[in-house]
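All remarks here apply to the structure that follows.
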Amino acid sequence: MRTETAKPVRLEDYRPPDWLVETVDLDVALHPTATRVRATLSLEPNPNGRNGAPLVLDGEELSLVSLSLDNVPLTPERYSATPSSLTIAGPPRRPFRLTIETLVNPSANTQLMGLYRSGASYCTQCEAEGFRRITYFLDRPDVMAVYSTRIEAEKSDAPVLLANGNPVSSGDIAGTDRHFAVWHDPFPKPCYLFALVGGKLACVEDSFRTMSGRAVALKIFVEPGKEGRCAYAMDSLKRAMRWDEARYGREYDLDVFMIVAVSDFNMGAMENKGLNIFNDKYVLASPQTATDADFAHIEAVIAHEYFHNWTGNRITCRDWFQLCLKEGLTVFRDQEFSAEQRSRAVERIGDVRVLRAHQFVEDAGPLAHPVRPSLYHEINNFYTATVYEKGAEIVRMLKVLLGDDGFRKGMDLYFSRHDGHAATVEDFIACFADATATDLSQFLRWYAQPGTPELKVTASFDARARSLRLDVAQTLPPRPGHPVGEPMVIPLVLGLIGKDGRDLPLVTADGRRIERGMVVVSRPAETLVFMDIPEPPVLSLNRGFSAPIKVFAETSAEELQFLAAHDSDAFNRWEALQVLATSLLVEGVAELRSGGRLRVDQALIDALEATLSDPGLEPAFAAQALSMPAEADIARDIGEDVDPDAIFRARSELRRSIGENLGPLLEDRYARVSDRGPYRPDAASAGRRALKNACLDLLAMSGSSAAIGMAEQQYESADNMTDRMGALAALALHDVPARARCLEDFYRTYESDPLVVDKWFALQASIPEPGTLPRVQALTIHPAFSFANPNRVRALIGSFAHSNQTQFNRADGAGYEFVAATVVDLDPRNPQVAARLLSAFKSWRALEPARRGKAEAALRRVAGLETLSRDVKDIVTRMTDGGVRTTDKG
Ligand SMILES: [Zn+2]
4 MRTETAKPVR
14 LEDYRPPDWL
24 VETVDLDVAL
34 HPTATRVRAT
44 LSLEPNPNGR
54 NGAPLVLDGE
64 ELSLVSLSLD
74 NVPLTPERYS
84 ATPSSLTIAG
94 PPRRPFRLTI
104 ETLVNPSANT
114 QLMGLYRSGA
124 SYCTQCEAEG
134 FRRITYFLDR
144 PDVMAVYSTR
154 IEAEKSDAPV
164 LLANGNPVSS
174 GDIAGTDRHF
184 AVWHDPFPKP
194 CYLFALVGGK
204 LACVEDSFRT
214 MSGRAVALKI
224 FVEPGKEGRC
234 AYAMDSLKRA
244 MRWDEARYGR
254 EYDLDVFMIV
264 AVSDFNMGAM
274 ENKGLNIFND
284 KYVLASPQTA
294 TDADFAHIEA
304 VIAHEYFHNW
314 TGNRITCRDW
324 FQLCLKEGLT
334 VFRDQEFSAE
344 QRSRAVERIG
354 DVRVLRAHQF
364 VEDAGPLAHP
374 VRPSLYHEIN
384 NFYTATVYEK
394 GAEIVRMLKV
404 LLGDDGFRKG
414 MDLYFSRHDG
424 HAATVEDFIA
434 CFADATATDL
444 SQFLRWYAQP
454 GTPELKVTAS
464 FDARARSLRL
474 DVAQTLPPRP
484 GHPVGEPMVI
494 PLVLGLIGKD
504 GRDLPLVTAD
514 GRRIERGMVV
524 VSRPAETLVF
534 MDIPEPPVLS
544 LNRGFSAPIK
554 VFAETSAEEL
564 QFLAAHDSDA
574 FNRWEALQVL
584 ATSLLVEGVA
594 ELRSGGRLRV
604 DQALIDALEA
614 TLSDPGLEPA
624 FAAQALSMPA
634 EADIARDIGE
644 DVDPDAIFRA
654 RSELRRSIGE
664 NLGPLLEDRY
674 ARVSDRGPYR
684 PDAASAGRRA
694 LKNACLDLLA
704 MSGSSAAIGM
714 AEQQYESADN
724 MTDRMGALAA
734 LALHDVPARA
744 RCLEDFYRTY
754 ESDPLVVDKW
764 FALQASIPEP
774 GTLPRVQALT
784 IHPAFSFANP
794 NRVRALIGSF
804 AHSNQTQFNR
814 ADGAGYEFVA
824 ATVVDLDPRN
834 PQVAARLLSA
844 FKSWRALEPA
854 RRGKAEAALR
864 RVAGLETLSR
874 DVKDIVTRMT
884 DGGVRTTDKG
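Residues 4 to 893 in the numbering used here are what the sequence shown spells out, letter by letter.
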């Protein structure tokens, strides 16, 4: 276990490496407890580095066996080796070859970084700094080398041997039970993209012909017996490959593209060059085991990792501060892919829900940080919603600002100018500035300033001049380390809607017509004037969520109802309903806390009724419209003195009221969108199931025996996992015999399938009732649960901590104590998973005083422990250090 000794790493301290690595030849003899790694590096002094610098290679928990320079063994006085570094004092000032032999123990590797075992297989995870757990190396992304990898193993233990690149040779080792395989990757890459796999794996094969006519073999490796669940992943891969050619002109570059699904994985998936390694939950799917959401995630993650081949691998990051350069850009690309495969409006609504639930919450709390941080203690803690989701929003804003053609020109220039390089955010933005002759220097602030910008818009209509004036003021709340916010460049897409529901042309005072409805706000306060406006229009602001900001405007309930029915921007039709519901909920929470009642505005019921009855709206959109803001979203809007119980009660009452008011219509829609034919995973079918389950969810809120019976009936008759889980989720909210019966039936039906049992763990951990904590504690000793497997931990403990607002935030503090104790237990085994779990406390400062005190006490107990990993130490320190308060009112 690492102890907390590391100094912070600062962006401003970056300097080029003193040494370069031209080639890496690896020879790996796999063994469960003593894998021998012989690495031969061709090194040379970097002309841009410091002259005469020693050669210092990174390591972690390594034991050195032998070391030679140009085939001559080095005597001990020429070097010093510790588990965490290898220093060669006076290396030659010319190219030379260094051969390092180390021994590693994959079976003892519970951190799942470097070389480890997942089930019976060997696999690797090297991002961010895992390669140094395999051999001593210059473990930094700007050191790019050409890799050749030879792997050998017992044939019976690991019949399949894979590494990056193209296969070169393979065969038996005469006189032994062992065999070998050699792989060569001609594209220089940083070591975090290295991968190897060995094991007993089954392979599903297909092929793809690139736009220039090259044949690429596609292979998905899974545990034997699971081959039948790879079809959707394979289909998604082929669609992603075609899409990247069509949209960006990017072609795949090796002869083979491989995906390996493993069951022990810290993250979602990893884009290792030519050999993606996936958490099996993002590969395996069948109608009986995966929900529509699982299918959509598989499509998105497969595409995301594939798209990294260009945005991340061919062009990589200069240093880890530039993580958003590959992640934000690639999330944007996978979001656009999904939008074109499915429904653009529904995809956008889903992406914005995720952004608000995770990134906005992060930005408002003690873990807030810029999209490109300037300092870190542990880089693993920066794989965050801010880097990924807000990073994607920045790229989306570039597209809005520059238009489709300008954006494509910038991307083309980026690919041609930086292919084969390790780039920075400045390099990326310079391509768009150069390709479109646009000054983007102020736009760069999006990468440097944390916090969610707020835009206040005040409208005044002048009947005599037939003009509308908008006064726009932007502010950036103070955040840890950033007390003062500088104004941002905000592309604000807007519409002015007349009484007839049609958009009015946007004409400025000097007669200029505004293209695409976009105005650019870049100063603290600006005034916009629009002419030829015959009547006071209804404002539709930030259409398509053109900027990741909060907009405040005086909009009446009637205007929101009007927008929900008429806005030509589908996103803002949904947004109007959310704003209407949120304002009711925020008022309702205050009422409930002072002994009053929730008032349900008829405008919301009417607007939902109109949405459900509109034949022009797709079912997936209607399902999103029926889904009320999440408890965490309401908490974020309230901002301070948050009482999770009152929020839960207000939201439940609102949903019950919608269910009662719209009962017959919900039943009618439920019946009409229920498919009769066999299950299909396509977007239209998934949309109908989403609406069906949204109707069931609201109908079941009453808890009437008829509604419970309806859910039970759906559970029993479902021929697919989406409908089964939809019914189970509706039942889970009611402590009735049918719930216990169905939960037990579910486990018995799927007990041999860990990914489905995870759904069973997650659902039980999410039940908002006091019995949940003891139930979760009891489930930690269930035979299907294991603290060693990150998916199990995330399903049971993660769902409790991150998704169960009332029970994690129990008034007696027992939820905090349980999660904090679990973090401490997990930390020595897997620091990354432990740190991620601890981040569930990220909104603790916004709680009402009694809970805040209990959460703080739990955090301070963790902070006071002597031996914490760097990962957990960093999170708990940032969480409890002074900083600014989470609430920014006033
Ligand atoms: Zn990624």
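The beta-carbon is built from N, C-alpha and C at its ideal position, and this holds for glycine as well.
- Ligand 1 approaches Thr333 closely enough that one of its heavy atoms is under 6 Å from the residue's Cβ.
- Note on Ser159: under 16 other CB atoms within 10 angstroms of its CB, so exposed under the neighbour-count rule.
- At least 7 Å separates the beta-carbon of Val582 from that of Glu562.
- In this model, Ala814 and Gln344 are separated by some 45 Å (Cα to Cα).
- The secondary-structure analysis by DSSP pairs Asn51 with nothing; it has no beta-bridge partner.
- For Pro494, there is no enclosing alpha helix (DSSP H); the enclosing beta strand (DSSP E) covers residues 493 to 496.
- Take the alpha-carbon of Asn282 and the one of Glu80: they are about 45 Å apart.
- Taking 3 residues as the minimum length, the beta strand (DSSP E) runs contained wholly in the segment 160 to 235 are 163 to 166, 169 to 175, 181 to 192, 199 to 202, 205 to 212, 218 to 225, in order along the chain.
- For Glu330, the Cβ falls inside the 6 Å cut-off from some heavy atom of ligand 1.
- According to DSSP, His485 shares a beta bridge with Arg482.
- DSSP places Pro76 within a strand segment (E or B) once states are collapsed to three.
- Annotation for Pro11: Leu378, His380 place their beta carbon closer than 6 Å to its own, counting only its chain and skipping 5 residues before and after.
- DSSP, read as helix, strand or coil, puts Val541 in strand.
- Here Ile91 carries a strand assignment [DSSP, helix/strand/coil].
- Taking C-beta atoms under 8 Å as the contact rule, Thr530 and Asp474 qualify, at a distance of about 5 Å.
- With 16 or more other Cβ atoms inside 10 Å of its own Cβ, Leu70 counts as buried.
- Counting other Cβ atoms within 10 Å of its Cβ, Gly201 reaches 16 or more and is therefore classed as buried.
- Assignment of beta-bridge partners to Ile608 by DSSP yields no partner.
- When DSSP states are grouped into helix, strand and coil, Gln581 belongs to the helix group.
- By alpha-carbon distance to Met704, the top candidate from Leu199, Ile397, Glu656, Val286 is Glu656.
- Distance from the CA of Asn696 to the CA of Tyr682, rounded to the nearest whole angstrom, comes to 15 Å.
- Contact check for Pro170 against Trp186 passes: the beta carbons are separated by less than 7 Å.
- By alpha-carbon distance to Ala765, the top candidate from Asp748, Leu731, Pro144 is Leu731.
- Cβ-Cβ separation between Gly277 and Asn167: approximately 5 Å, consistent with a contact (criterion under 8 Å).
- Tyr673 and Ser806 have their C-alpha atoms roughly 27 Å apart.
- By the neighbour-count criterion, in which a residue is buried when 16 or more other Cβ atoms sit within 10 angstroms of its Cβ, Ile223 is buried.
- When secondary structure is reduced to three states using DSSP, Tyr417 falls in the helix class.
- For the pair Val374 and Lys402, the CB atoms are not nearer than the 7 Å cut-off.
- By the Cβ criterion, the segment 766 to 777 is in contact with the segment 789 to 805, since at least three pairs of Cβ atoms, one from each stretch, lie closer than 8 Å.
- Using a Cβ distance threshold of 7 Å, Ala623 and Ala733 do not count as a contacting pair.
- Between Asp604 and Ala560, the C-beta gap is smaller than 7 Å, which places the two residues in contact.
- Burial check for Gln717: the Cβ neighbour count within 10 Å reaches 16 or more, so the residue is buried.
- Going by beta carbons, Asn383 and Ile878 fall outside the 7 Å limit.
- In the DSSP annotation of this structure, Ser377 is not part of any alpha helix (DSSP H), being labelled neither H nor E.
- With a contact defined as Cβ atoms closer than 8 Å, Leu106 and Val68 qualify at about 6 Å.
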